[in-house]
Structure formats: structure tokens, C-alpha cells
Amino acid sequence: SNSAPDRRLTSAATTNATILLDVENIRGKSGFALSHGQLLDKCTVWAERRNLRGQVTLVVDHGSEAGGYWLRERGLGVVFAGPSQKADDVIARDVTYVQSTLGRSVVVVTADRE
């Protein structure tokens, strides 16, 4: 398809945009049929096929502590929001950081309307 989100994702490879994926929202779209591991595998392949290796970060609700990890072999980042935040909070914070501090555009992939 040629929807606006598809165009933004396609152009992300050439503009070096940062792509933030809201993991639980994406899993929710599948009725939570995808495990975290399955989603990680699918995102790895997806990023590779779209030439987005190194630009994609998966943001996960909650977690025992807030933290971020670079999965070098997958070319993906994973961020856990921590016990007192949701992925939405982290994404809102990181969009501002990436745009203002890093000077890069951001594409957010979520099912949220928030």
C-alpha cells in the first residue's frame, strides 16, 4: 500500500530517521499472538529488508527497571520503560530528544490514539 505511514517508513532509510516501535501496541494488534521473542525476530528481519538496521528501537511497557540495550547482532535497540512508566512516556520523551538533540526525524509506530 502507499499510505502515509508506509511512505514515512520508506523514506526513513534515506533520511536516517529514528523509528520507535511501541511493542505492546504492536503485539496487541495481533491479539497478543506474537510473543516478545517472535516480535523481536520479525522486527530484525523487517529492519534488514527495509534498510533500517541501526535505526529501529523497540520500546516496552514497564520492566523491572528502566534501561536501554543495543542488540548489535540484530541492529536494534530495546528500551524498557521501567516500573513507573509506560512505553508512551518513553516515546514522548525520546521523540523530543532525538529531534532536538540529535537533529534526526522520528517515526513512531503505535496503535495508540494518545
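Residue numbering for the sequence shown follows our numbering, beginning at 133 and increasing consecutively. Backbone N, C-alpha and C fix where the C-beta goes; we use that ideal spot for every residue, glycine too. Note that this is a predicted model, so its numbers are computed, not measured.
Whole-angstrom distance between residue j and residue i, CA atom to CA atom
i: arginine 182; j: alanine 149; result: 13 Å
i: serine 133; j: threonine 146; result: Note on serine 133: pLDDT 47, under 50, position unreliable in the model; the coordinate value appears next. Distance between the alpha carbons of serine 133 and threonine 146 is about 19 Å.
i: serine 232; j: valine 211; result: 20 Å
i: asparagine 157; j: threonine 242; result: 6 Å
i: valine 222; j: threonine 142; result: 24 Å
i: leucine 166; j: cysteine 175; result: 12 Å
i: serine 196; j: alanine 213; result: 9 Å
i: alanine 144; j: leucine 172; result: 19 Å
i: glycine 199; j: aspartate 193; result: 11 Å
i: tryptophan 202; j: threonine 228; result: 20 Å
i: leucine 153; j: arginine 159; result: 11 Å
i: alanine 179; j: valine 188; result: 7 Å
i: aspartate 220; j: arginine 206; result: 24 Å
i: lysine 161; j: leucine 234; result: 31 Å
i: leucine 208; j: phenylalanine 164; result: 21 Å
i: lysine 218; j: arginine 139; result: 27 Å
i: serine 216; j: isoleucine 151; result: 23 Å
i: arginine 204; j: arginine 185; result: 10 Å
i: histidine 168; j: valine 239; result: 21 Å
i: arginine 236; j: glutamine 170; result: 29 Å
Host beta strand (DSSP E) of residue i (start-end)
i: leucine 152; result: 150-154
Integer Cβ distance of residue i from residue j, believed to fall under 8 Å
i: valine 155; j: valine 191; result: 6 Å
In chain order, each alpha helix (DSSP H) run of at least 4 residues that lies wholly inside the stretch 157-221: 168-181
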